[in-house]
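Written out below as structure tokens is the structure these notes cover.
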Amino acid sequence: MYVGVGIICPYLINVSLLLGAILSWGIMWPLIEKQEGHWYKSGLEPNSFHGIEGYRLKNKDSRTNLPVATDGSNPDGVQALSFDDRRRMQVFMKDQIPTWLAVKGYVSIAAVATIVLPHIFEPLQWYHVVVIYLFGPALAFCNAYGSGLTDWSLASTYGKLATFVIGAWAGQSQGGVVAGLAACGLMMNVVAIASDLMQDFKTGYLTLASPLSMFMSQVIGTAMGCVIAPCVFWIFYSAFPDIGKQGSEYPAPYAIIYRNLAILGVEGFGSLPKHCLSLCYGLFAASILINVARDTVPKKWARFIPIPMAMAIPFYIGTSYVIDMCVGSLILFIAERRNKEQADGFGPAVACGLIYGEGMWYLPMSILALAKVRPPDWHAVFDEKYKCNNG
Numbered sequence: 461m462y463v464g465v466g467i468i469c470p471y472l473i474n475v476s477l478l479l480g481a482i483l484s485w486g487i488m489w490p491l492i493e494k495q496e497g498h499w500y501k502s503g504l505e506p507n508s509f510h511g512i513e514g515y516r517l518k519n520k521d522s523r524t525n526l527p528v529a530t531d532g533s534n535p536d537g538v539q540a541l542s543f544d545d546r547r548r549m550q551v552f553m554k555d556q557i558p559t560w561l562a563v564k565g566y567v568s569i570a571a572v573a574t575i576v577l578p579h580i581f582e583p584l585q586w587y588h589v590v591v592i593y594l595f596g597p598a599l600a601f602c603n604a605y606g607s608g609l610t611d612w613s614l615a616s617t618y619g620k621l622a623t624f625v626i627g628a629w630a631g632q633s634q635g636g637v638v639a640g641l642a643a644c645g646l647m648m649n650v651v652a653i654a655s656d657l658m659q660d661f662k663t664g665y666l667t668l669a670s671p672l673s674m675f676m677s678q679v680i681g682t683a684m685g686c687v688i689a690p691c692v693f694w695i696f697y698s699a700f701p702d703i704g705k706q707g708s709e710y711p712a713p714y715a716i717i718y719r720n721l722a723i724l725g726v727e728g729f730g731s732l733p734k735h736c737l738s739l740c741y742g743l744f745a746a747s748i749l750i751n752v753a754r755d756t757v758p759k760k761w762a763r764f765i766p767i768p769m770a771m772a773i774p775f776y777i778g779t780s781y782v783i784d785m786c787v788g789s790l791i792l793f794i795a796e797r798r799n800k801e802q803a804d805g806f807g808p809a810v811a812c813g814l815i816y817g818e819g820m821w822y823l824p825m826s827i828l829a830l831a832k833v834r835p836p837d838w839h840a841v842f843d844e845k846y847k848c849n850n851g
């Protein structure tokens with residue numbers, strides 16, 4: 461799947477991801493792990509935010525929550541649009557959603573959430589909800605931009621940031637852990653929907669579909685999800701009584717991560733590992749300087765400057781997918797060297813096939829997992845031998 465994503469993404473994005481992976485997992489984390497026992501306590505759990513995991517999360521946040529930079533291009537030098545692009549622009553702008561409707565809709569939903577959520581999660585106060593909705597549009601814009609660059613939504617990053625801030629604000633004595641987790645879910649919903657909707661708008665733009673129809677489809681799908689998702693959870697909860705417990709078939713590992721993060725937020729910045737905030741400040745300043753450089757240098761040089769938003773993703777997610785994306789770039793580069801016209805025409809189709817081909821397997825894989833269908837014995841034996849031979 462990631463090879464297909466690498467074919468679609470520009471070369472600069474994949475190079476930025478590779479540089480971020482080298483900087484984080486190749487240089488920073490090995491050096492920080494050598495300071496175990498000095499900068500942070502030794503013997504901590506692997507997912508404890510009091511140790512190396514705290515550096516990974518906060519240093520990634522310092523590079524993602526940034527003002528958006530352009531690609532260094534000059535607006536006066538924009539090339540004339542083709543007939544197809546002019547037609548797409550005409551259809552897209554014909555049925556645009558009025559600004560007043562968007563503002564009123566957002567304010568109405570924020571008002572309902574401000575009234576209802578504190579009754580569902582008592583530690584979450586009404587002013588916490590108001591603050592989240594005030595910062596929501598700016599963070600949603602940043603997430604939509606970053607998702608457009610890399611095809612990865614960083615909504616979970618902004619949700620973790622809300623967990624940390626709201627949890628520390630509420631305090632341990634006032635149920636800060638519950639308030640932080642509730643704020644995380646709220647922030648993720650506010651931010652994630654922006655990138656999803658922008659992807660739908662881009663699809664509508666490319667297929668000459670009305671943006672209003674794409675928006676209504678998103679609304680209908682969200683309404684259906686409000687009913688279907690609880691039903692699916694109820695089915696899982698009824699079929700697997702031990703769901704969410706350690707050692708069970710469905711341990712829900714991310715629940716532990718978010719709970720630990722909420723506990724860390726309640727304890728405040730003082731509980732972070734030593735020099736963690738200093739590294740955050742340094743990386744944040746470096747990201748600002750890189751973005752300024754991309755905006756000020758000529759276009760022919762700006763295209764060689766990496767994008768901090770893309771560099772930040774490997775800091776926490778890991779590096780395995782980065783190699784796959786670089787392989788995708790290599791495949792596209794070789795295809796363009798052989799025949800650029802064919803590469804431009806068939807490249808997106810091949811990438812979509814690689815992405816959706818793997819995605820289509822998740823449904824039968826889930827059905828087989830629910831039916832408790834195990835792999836053939838020869839596959840299991842080979843897997844055990846491979847594990848033994850490789851430690």
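Numbering (my numbering), first residue to last: 461 to 851. Glycine is no exception: its CB is placed at the ideal position from the N, C-alpha and C atoms.
> Is the beta carbon of V465 sitting closer than 8 Å to the one on I815?
Replying inline: The residue labelled residue 465 in the question sits at position 5 within the sequence shown. The residue labelled residue 815 in the question sits at position 355 within the sequence shown. In this structure, I815 lies closer than 8 Å to V465 by Cβ.
>> Can you look up E582 in the DSSP assignment and give me helix, strand or coil?
In response: Walking along the sequence shown from the start, residue 582 turns up at place 122. In this structure, E582 counts as coil in the three-state DSSP scheme.
> According to the Cβ coordinates, are F775 and G480 closer than 8 Å?
Replying inline: By one-based count along the sequence shown, residue 775 stands at place 315. By one-based count along the sequence shown, residue 480 stands at place 20. Yes, the Cβ-Cβ distance between F775 and G480 is below 8 Å.
> Among the residues of its own chain, which have a CB less than 8 Å from the CB of G635, if the five just before and after it don't count?
Replying inline: Here residue 635 refers to the residue found at position 175 of the sequence shown. E582, P583.
> Relative to the C-alpha of P733, which residue among S568, R547, S698, E493 is closest?
Replying inline: For this step, residue 733 is matched to residue 273 along the sequence shown. Cα-wise, what sits closest to P733 is E493.
>> With a threshold of 7 Å on Cβ separation, who are the neighbours of I723 within its own chain once the five nearest residues in sequence on each side are excluded?
In response: The residue given as residue 723 occupies position 263 in the sequence shown. Same-chain partners within the cutoff: V637.
> So, do the region 647–665 and the region 751–758 have three or more beta carbon pairs nearer to each other than 8 Å?
Replying inline: no
>> With distance defined between alpha-carbon atoms, name the residue in I467, G813, L472 nearest to V771.
In response: To locate residue 771, count along the sequence shown from 1; it is residue 311. It is Met, not Val, that sits at residue 771 in the sequence shown. Of the listed residues, the one whose Cα sits closest to M771 is L472.
> What's the C-alpha gap between D545 and S670?
Replying inline: The sequence position of residue 545 within the sequence shown is 85, counting from 1. The sequence position of residue 670 within the sequence shown is 210, counting from 1. Each residue's alpha carbon lies about 15 Å from the other.
> Is the beta carbon of I773 less than 8 Å from the beta carbon of W612?
Replying inline: Taking the sequence shown and counting its residues from 1, one reaches residue 773 at position 313. Taking the sequence shown and counting its residues from 1, one reaches residue 612 at position 152. Yes; because the gap between Cβ atoms is below 8 Å, this pair is in contact.
> With 16 other CB atoms within 10 Å as the buried threshold, where does G742 fall?
Replying inline: The count along the sequence shown starts at 1 and reaches residue 742 at position 282. G742 comes out exposed.
> Is DSSP giving I482 helix, strand or coil here?
Replying inline: Residue numbering aside, residue 482 sits at position 22 when the sequence shown is read from its first letter. In this structure, I482 counts as helix in the three-state DSSP scheme.
> Between the region 617–628 and the region 672–682, are three or more C-beta pairs nearer than 8 Å?
Replying inline: no
> Taking the alpha-carbon positions, what's the C812 to Q585 distance?
Replying inline: Locating residue 812 in the sequence shown gives position 352, counting from the first residue. Locating residue 585 in the sequence shown gives position 125, counting from the first residue. Near 44 Å, if we compare the C-alpha coordinates of Q585 and C812.
> Mapping DSSP to helix, strand and coil, what is V576?
Replying inline: In the sequence shown, residue 576 corresponds to position 116, counting from 1. Helix.
> Which value, in whole angstroms, describes the spacing of the CA atoms of L737 and S616?
Replying inline: If you number the sequence shown from 1, residue 737 lands on position 277. If you number the sequence shown from 1, residue 616 lands on position 156. Cα-Cα distance, rounded: 20 Å.
> Taking buried to mean at least 16 other C-beta atoms within 10 Å of its own C-beta, is L641 buried or exposed?
Replying inline: Translated into the one-based positions of the sequence shown, residue 641 becomes position 181. Buried is the call here.
>> Beta-carbon within less than 7 Å of N534's beta-carbon, same chain only, minus the 5 sequence neighbours each way: which residues are those?
In response: Here residue 534 corresponds to residue number 74 of the sequence shown, with the count starting at 1. Only weak support exists for where N534 lies, its pLDDT of 45 falling under 50; the value from the coordinates is given anyway. Same-chain partners within the cutoff: K759.
>> What would DSSP say about K845, mapped onto helix, strand or coil?
In response: The count along the sequence shown starts at 1 and reaches residue 845 at position 385. Bear in mind that the predicted position of K845 carries a pLDDT of just 46, short of 50, making it unreliable; the figure below should be weighed with that in mind. If DSSP states are grouped into helix, strand and coil, K845 belongs with the helices.
> Hey, H588 and A639 are a contact pair by Cβ (cut 8 Å); roughly how many whole angstroms apart?
Replying inline: Against the sequence shown, residue 588 aligns to sequence position 128. Against the sequence shown, residue 639 aligns to sequence position 179. Going by Cβ atoms, the distance from H588 to A639 rounds to 6 Å, so yes, they are a contact pair.
> Around the C-beta of Y714, are 16 or more other C-beta atoms found within 10 angstroms, so that it is buried, or is it exposed?
Replying inline: Start at 1 with the first residue of the sequence shown, and residue 714 comes out as number 254. Exposed.
>> With H, G and I counted as helix, E and B as strand and the rest as coil, what does DSSP make of Y612?
In response: Taking the sequence shown and counting its residues from 1, the one referred to as residue 612 is at position 152. For the record, residue 612 in the displayed sequence is Trp; it is not Tyr. Coil.
>> Taking its Cβ as the centre, do 16 or more other Cβ atoms sit within 10 Å of S780, making it buried, or is it exposed?
In response: Residue numbering aside, residue 780 sits at position 320 when the sequence shown is read from its first letter. It counts as exposed.
>> Is the beta carbon of N474 closer than 8 Å to that of C786?
In response: The residue labelled residue 786 in the question sits at position 326 within the sequence shown. The residue labelled residue 474 in the question sits at position 14 within the sequence shown. Result yes, Cβ atoms of C786 and N474 sit closer than 8 Å.
> Does DSSP put Y710 in a helix, a strand or coil?
Replying inline: For the purposes of this step, residue 710 is identified with residue 250 of the sequence shown, where counting begins at 1. Coil, per DSSP.
> For V692, which of L830, W489, S476 has the nearest alpha-carbon?
Replying inline: Numbered from 1 along the sequence shown, position 232 holds the residue referred to as residue 692. The option with the nearest alpha carbon to V692 is L830.
>> Within the continuous alpha helix (DSSP H) that includes I468, where are the two ends?
In response: By one-based count along the sequence shown, residue 468 stands at place 8. Taken as a continuous stretch (DSSP letters only), the alpha helix (DSSP H) holding I468 covers 462–468.
> What did DSSP end up calling R797 once you bin it into helix, strand or coil?
Replying inline: As a working note, residue 797 is residue 337 in the sequence shown. The answer is helix: DSSP assigns R797 an H, G or I state.
>> Quick check: the Cα distance between A571 and W629, rounded to an integer number of angstroms?
In response: Here residue 571 refers to the residue found at position 111 when the sequence shown is read from its first residue. Here residue 629 refers to the residue found at position 169 when the sequence shown is read from its first residue. Cα to Cα, A571 sits roughly 21 Å from W629.
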